[in-house]
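Have a look at the structure below, then the notes.
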């Protein structure tokens, strides 16, 4: 793996990391930023999921869909390193679901600013080393709002009966919430999408 560098060196691109609970609006925010700033490439931790057969498992043998070890962190870090060194990176295109897996790849070219998002993004040190605290964004959302958004999303997919809200909240408290303290930019995710985008642009000086 290439040597990590997370410094204020102006010759290196800045890596912006965006995290928050499931349903906090990470993907929507990044997609909107991408539309506003098409020269800024972005990708997600979701692009680096392992094959389903390699997922971590609970003690009872059932699949633990939310465990950080389900992500190929070393590969993700290598892609960031390539971009930091000014080289293009081939990012996997991943299909979610029971029949999920890698479909193909897309090429991201180096840029002065690169955005990476994912609710488990800041749980891995090898990736976190590339992202300065002042470039770490945490979308903060109260439990009840998270619950309502999650219910709506599952209901739209016809999966509302499968939603284990206690399990989702346990994952958030165990893995995601502790990373909040390492973020210098904490944004109120209850804001209207347009306001959240403008605040993000202001805080990151995009």
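Residue numbers (UniProt numbering): 1 to 206. Beta carbons are placed, not taken as given, at the ideal position from N, Cα and C, and that holds for glycine. Remember, it's a predicted structure, so these values are computed and weren't measured experimentally.
Three-way DSSP call (helix, strand, coil) for residue i in this model
| i | result |
| --- | --- |
| residue 135 | helix |
| residue 175 | helix |
| residue 190 | coil |
| residue 40 | coil |
| residue 203 | helix |
| residue 20 | strand |
| residue 149 | helix |
| residue 62 | coil |
With 16 other Cβ atoms within 10 Å as the buried cut-off, status of residue i
| i | result |
| --- | --- |
| residue 160 | Note on residue 160: pLDDT 49, under 50, position unreliable in the model; no value is reported. |
| residue 39 | exposed |
| residue 44 | buried |
| residue 11 | exposed |
| residue 13 | buried |
| residue 65 | exposed |
| residue 195 | exposed |
| residue 47 | buried |
| residue 189 | buried |
Alpha carbon of residue i to alpha carbon of residue j, nearest angstrom
| i | j | result |
| --- | --- | --- |
| residue 207 | residue 21 | The chain is shown from 1 up to 206; residue 207 falls before or after that span and cannot be answered. |
| residue 126 | residue 76 | 9 Å |
| residue 56 | residue 174 | 16 Å |
| residue 132 | residue 80 | 13 Å |
| residue 73 | residue 152 | 30 Å |
| residue 35 | residue 178 | 31 Å |
| residue 94 | residue 71 | 12 Å |
| residue 112 | residue 134 | 16 Å |
| residue 230 | residue 142 | Residue 230 lies beyond the residue range present for the chain, which begins at 1 and ends at 206; the question has no answer from this structure. |
| residue 170 | residue 104 | 33 Å |
| residue 193 | residue 37 | 16 Å |
| residue 119 | residue 31 | 15 Å |
8 Å Cβ cutoff met for residue i and residue j
| i | j | result |
| --- | --- | --- |
| residue 83 | residue 115 | no |
| residue 102 | residue 24 | no |
| residue 168 | residue 149 | no |
| residue 117 | residue 42 | yes |
| residue 88 | residue 107 | yes |
| residue 16 | residue 204 | yes |
| residue 199 | residue 187 | yes |
Supposed close pair residue i, residue j - CB separation, criterion 8 Å
| i | j | result |
| --- | --- | --- |
| residue 26 | residue 139 | 6 Å |
| residue 19 | residue 68 | Their Cβ separation, rounded to whole angstroms, is 12 Å, which puts residue 19 and residue 68 out of contact at 8 Å. |
| residue 197 | residue 33 | 7 Å |
| residue 137 | residue 185 | 5 Å |
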